[in-house]
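Notes follow once the structure below has been shown.
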Amino acid sequence: MRKVLAVIRREFVERVRTRMFWVMALLGPVFFGALIFLPILMSRASGVKKVAVVDGTTDSTGAQVVTALVATRAVFPTRVPAGSGVVDSLTREVGAKRLDGFLILTDALVDSGKAEYRASNVSAFATNAAIEGTLSLVANAVRLERAGVNPRVVAASHIRIDMDTKKISGTRTTGENAAQSFSLAYFMAIILYMSILLYGVNVMSSVLEEKTTRIVEVLISSLRPFQLMLGKLLGVGAVSLFQFLIWGVSARALISQRAKLFGPDSMQDAGQVFQMPSVSLETAFVFIAYFLGGFLLYSSMYAAVGAISSSEQEARQAQQPVNFMLIISFMAMFAILNDPGSQLAVTLSLIPFSAPIAMPVRWAAGNLPWQEVALSLGILAVTIIGVTWVAARIYRVGILMTGKRPSMKEMIRWVRAG
Amino acid sequence: MTDSILVVDRVTKRFAGHTAVDELSLEVPAGVIYGLLGPNGAGKTTTIRMIMNILLPDSGSVRLFGGGGTAREYAGRIGFLPEERGLYPKMRVLDVLTFLAEVKGLDRRVARAKSSDWLNRLGLEDWALHKVRDLSKGMQQKVQFIATMLHEPDLVLLDEPFGGLDPVNADMLLETVLDLKRRGKTILFSTHIMEQAEKLCDQLCIIARGKKLVDGSLAHVKETHGGRHVTVSFDGAQGNSAAVFADRRLVAKVQDFGPYAELELAQGADAQEILRALVGSGARLSRFELTAPSLHKIFVDLVGPDAVTAVAHEKGAPAHA
């Protein structure tokens, strides 16, 4: 055991000593924050769109739309009367990037709710939503007025709705709203994915280093291969926990001091989609449990990958299947968030290879019975034992092997051989 | 023999249809320097790996310290220098040494103190806190030797220890090995350089193509396999010495280098008779000396020129036989 401890200590000390570790420790939160907020900021900060409104309406509806669009501040509209050749010349303008797009209005807007928007980019959701909302508002108003409703009543009938969502956790309604649940799930999925990948690959390079420097022969004559692998997994695992501890402590300090640091309403401005979720003790437990499970599962596979490769390039190739499983689990997050109780979500959170990301996401989305968590953790634990056993056998032969990478058939033979 | 510290009993190792080591048996008594000699690809490294339990023999057994148990269980009593050297390039010298000693079962503090001692002894004290990769190749080799000897093993296995050493480090290693022997340790080393073996070995074993050709003490090997040799140097005139050399009743084999020649006496021949014959042939001699053959010569005679061909048929397994 003392020998394993020496391996654990080496892995831990050598890693914590690197500049990379402290860069990650200090800049990690910034990095994750950027990863989360940048896409939102970028989608919002796409700027005010220059849009022409081709007004083919026979009344003042077109003018009303232009006025209403100005008020959205999402688009900057210019009214162009409809005429022959207008559409063609505007299309050229868009092509030359002097214009973002143009809206074609006819009486059909009010009569049957039809309009057309042509633009170089029709997937800018914020712009589309602003235009669509405005059109529907104006069309409604015009139809109501035509039906004889007093324009003042129509104006007064407009009210903006802010729907407040509250999550039911167990039988108790928490203060947490949907946005917080979403951001918690998102945070956890990203951090789990990145960390399992990062530290798994760390284990792999460590195995590879010992193999390529041939120091492994000296080690193997003093330690069992399994002791060496175990020491590596635990050592690197300890580094990752230390990293989380640093992040946790600094995040806590930052949140408690945020009023002093950024002024009292800084958090309101931070964005409505992402809000600071409250991280309960249970959530922290679920996160750590699944992180450790995922780390052990994946890094023992990465250890085997390191053992069968004899260079960085080879390892990069050989690790693809393992990466792939992790990426699928991460991608599935969006489907799970959409419906955390669906057949797919439940299945993914029970399959041990996707559970480390899928289950915490479901947990964050809410209202998960403990039995299900326990079942998934149980399956995960059994799988870890199985996978580690197989990985250790591949590792044992692989680390002493040089030359060509073994075929699947050879590896199966290694696993079977006593 | 009961005082044998290492017994290799008819071990065989095959790699993909090629036999690297074939029914090889060795016995290394305590307190000697034992040379495992053979050309490249003879199976030296494979044998040492089997002794170290890095490879499992297909058949046969290895017994250490007169008991059961593998090398791993005796890790604290064995020092092992593999053929291919390597250290953690990014670790500090002192930390690498401490770690490698800890893995062999030494207490951390003891390991650290001993590492410092050794670094001082070999003049590397200023490098203790440098990273391994900052050291020159020669210094890295010294560090590697320290790692092998640090825990004061009773049995030291050195695989091609002189490979790639500069003369200064080679001498240092030679001294270290002799010092270990003086302190009662047992050393087994492999080499294909016979000059080194001749200087160091008490006992030796020559193998080729995985098979043992001869073993025993150096003197015994020379006696039984060297034959009797005469070195002759001419002082100008060689007379009709060629006829004498060609006389198979007197001379079994000759290597004629011109100004001098090495003769192997024929069975039952008397050296004095050759001397008489040479003088009679009109040759003028500056030297006529009965010599023991060099280990090099025995080696070449035994192994033959074609023994080096068995190399590198190994695939899908540790590649160095």
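So the sequences go chain by chain: A and B.
Those letters in the first sequence? Residues 1 to 418, by my numbering.
Those letters in the second sequence? Residues 1 to 321, by my numbering.
No residue lacks a Cβ here, since even glycine has one placed at the ideal position from N, Cα and C.
Just so we're clear, the structure is a prediction, and the values are computed from it rather than from any experiment.
Hey, how far is the Cα of residue i from the Cα of residue j?
{"i": "B/Leu-24", "j": "B/Gly-216", "result": "14 Å"}
{"i": "B/Gly-67", "j": "B/Ile-78", "result": "14 Å"}
{"i": "B/Gly-17", "j": "A/Ala-392", "result": "27 Å"}
{"i": "B/Arg-249", "j": "B/Ala-269", "result": "7 Å"}
{"i": "B/Gly-258", "j": "B/Phe-245", "result": "12 Å"}
{"i": "A/Gln-275", "j": "A/Arg-252", "result": "Caution applies to A/Gln-275, whose pLDDT of 49 falls short of 50 and renders its modelled position unreliable; the model cannot decide the point."}
{"i": "A/Met-20", "j": "A/Phe-12", "result": "13 Å"}
{"i": "A/Leu-105", "j": "A/Pro-81", "result": "10 Å"}
{"i": "B/Asp-3", "j": "B/Val-62", "result": "15 Å"}
{"i": "A/Val-322", "j": "A/Ser-206", "result": "17 Å"}
{"i": "B/Met-139", "j": "B/Glu-102", "result": "22 Å"}
{"i": "B/Pro-153", "j": "B/Leu-64", "result": "13 Å"}
{"i": "A/Ser-126", "j": "A/Thr-72", "result": "The displayed chain sequence assigns Ala, not Ser, to residue 126 of chain A. Taking the straight line from one Cα to the other gives about 11 Å."}
{"i": "B/Gly-35", "j": "B/Leu-56", "result": "22 Å"}
{"i": "A/Leu-230", "j": "A/Leu-192", "result": "21 Å"}
{"i": "B/Ala-252", "j": "B/Ile-193", "result": "26 Å"}
{"i": "B/Glu-314", "j": "B/Glu-160", "result": "Below a pLDDT of 50, predicted positions are generally treated as unreliable, and B/Glu-314, at 37, falls in that range; the measurement from the model is reported next regardless. The alpha-carbon atoms of B/Glu-314 and B/Glu-160 are separated by roughly 19 Å."}
{"i": "A/Gln-243", "j": "A/Val-305", "result": "24 Å"}
{"i": "B/Glu-273", "j": "B/Phe-234", "result": "17 Å"}
Suppose contacts are defined by Cβ-Cβ distances below 8 Å. Is residue i in contact with residue j by that definition?
{"i": "B/Leu-122", "j": "B/Lys-142", "result": "yes"}
{"i": "A/Val-236", "j": "A/Val-203", "result": "yes"}
{"i": "A/Lys-211", "j": "A/Ala-307", "result": "yes"}
{"i": "A/Ala-119", "j": "A/Val-94", "result": "yes"}
{"i": "B/Leu-165", "j": "B/Leu-173", "result": "yes"}
{"i": "B/Gly-38", "j": "B/Ala-170", "result": "no"}
{"i": "B/Asn-240", "j": "B/Ser-190", "result": "no"}
{"i": "B/Leu-155", "j": "B/Leu-26", "result": "no"}
{"i": "A/Gly-101", "j": "A/Val-48", "result": "no"}
{"i": "B/Leu-87", "j": "A/Ile-8", "result": "no"}
{"i": "B/Ile-146", "j": "B/Ile-33", "result": "no"}
{"i": "A/Ile-379", "j": "A/Pro-356", "result": "no"}
{"i": "B/Thr-231", "j": "B/Thr-291", "result": "yes"}
{"i": "A/Ala-364", "j": "A/Ser-221", "result": "no"}
{"i": "B/Gln-255", "j": "B/Ala-283", "result": "no"}
{"i": "B/Gly-210", "j": "B/Asp-9", "result": "no"}
{"i": "B/Leu-135", "j": "B/Leu-94", "result": "no"}
{"i": "A/Ile-196", "j": "A/Leu-5", "result": "no"}
{"i": "A/Leu-103", "j": "A/Ile-131", "result": "yes"}
Grab me the residues of residue i's own chain with a C-beta within less than 6 Å of its C-beta, minus the 5 sequence neighbours each way, in chain order.
{"i": "A/Ala-147", "result": "none"}
{"i": "A/Arg-79", "result": "Val-53, Asp-55, Val-66"}
{"i": "A/Asp-265", "result": "Below a pLDDT of 50, predicted positions are generally treated as unreliable, and A/Asp-265, at 46, falls in that range; no measurement from the model is reported."}
{"i": "B/Leu-265", "result": "Arg-228"}
{"i": "A/Leu-348", "result": "Ala-332, Ser-354, Ala-358"}
{"i": "B/Lys-114", "result": "Leu-150"}
{"i": "A/Ala-270", "result": "The predicted model places A/Ala-270 with a pLDDT of 44, which falls under 50 and marks its position as unreliable; any figure quoted below should be read in that light. Answer for A/Ala-270: no residue qualifies."}
Mind pulling the chain B residues with CB within less than 9 Å of residue i?
{"i": "A/Thr-283", "result": "In chain order: nothing, as chain B lies at least about 37 Å away."}
{"i": "A/Ile-220", "result": "Met-52, Asn-53, Ile-54, Arg-72"}
{"i": "A/Lys-3", "result": "Ala-75, Glu-102, Val-103, Lys-104, Gly-105"}
{"i": "A/Arg-214", "result": "Pro-82, Glu-83, Glu-84, Arg-85, Gly-86"}
{"i": "A/Glu-93", "result": "Result: empty, since nearest Cβ-Cβ is about 59 Å, beyond 9 Å."}
Determine the chain B residues that contact residue i at a beta-carbon separation under 7 Å, and present them in chain order.
{"i": "A/Arg-118", "result": "Simply none; closest approach about 58 Å."}
{"i": "A/Glu-314", "result": "Result: empty, since nearest Cβ-Cβ is about 15 Å, beyond 7 Å."}
{"i": "A/Glu-217", "result": "Ile-54, Pro-82"}
For residue i, return the contacting residues in chain A, with the cut-off set at a CB-CB distance below 8 Å.
{"i": "B/Lys-44", "result": "Residues of chain A passing the Cβ test: none, with the nearest at roughly 14 Å."}
{"i": "B/Pro-161", "result": "In chain order: nothing, as chain A lies at least about 14 Å away."}
Got a sec? Which residues, its chain only, sit under 8 Å from residue i by beta carbon, not counting five neighbours each side?
{"i": "A/Glu-108", "result": "Residue identity differs from the one stated: residue 108 of chain A is Ala in this sequence, not Glu. Contacts found: Lys-114, Ala-115."}
Using a Cβ-Cβ cutoff of less than 7 Å, which residues in the same chain neighbour residue i once the five nearest sequence positions on both sides are dropped?
{"i": "A/Leu-219", "result": "Glu-210, Leu-228"}
{"i": "A/Val-138", "result": "Thr-61, Gln-64, Val-65, Ala-68"}
{"i": "A/Ser-300", "result": "Leu-233, Val-387, Thr-388, Ala-391"}
{"i": "B/Gly-184", "result": "Gly-31"}
{"i": "B/Ala-197", "result": "Gly-35, Leu-37, Thr-191, Leu-204, Leu-295"}
{"i": "B/Lys-104", "result": "Ala-75, Gly-76, His-151"}
Check the Cβ of residue i against every Cβ in chain A and list those closer than 9 Å, keeping chain order.
{"i": "B/Glu-152", "result": "Near B/Glu-152 there are no residues of chain A at all, since even the closest Cβ is about 15 Å away, more than 9 Å."}
{"i": "B/Pro-89", "result": "Glu-209, Thr-213"}
Name the chain A residues whose beta carbon is nearer than 7 Å to that of residue i?
{"i": "B/Phe-99", "result": "Ala-6, Arg-10"}
Using a C-beta to C-beta distance shorter than 8 Å, which residues of chain B count as neighbours of residue i?
{"i": "A/Arg-224", "result": "Arg-72"}
Between the stretch 402–410 of chain A and the stretch 42–61 of chain B, can you find at least three pairs of beta-carbon atoms closer than 8 Å? Taking 8 Å as the limit for Cβ pairs, the verdict is that the stretch 402–410 of chain A does not touch the stretch 42–61 of chain B.
Would you be able to state if there are at least three C-beta pairs under 8 Å between the stretch 379–394 of chain A and the stretch 361–369 of chain A? no
The stretch 371–385 of chain A / the stretch 288–306 of chain A touching (three or more Cβ pairs under 8 Å): yes
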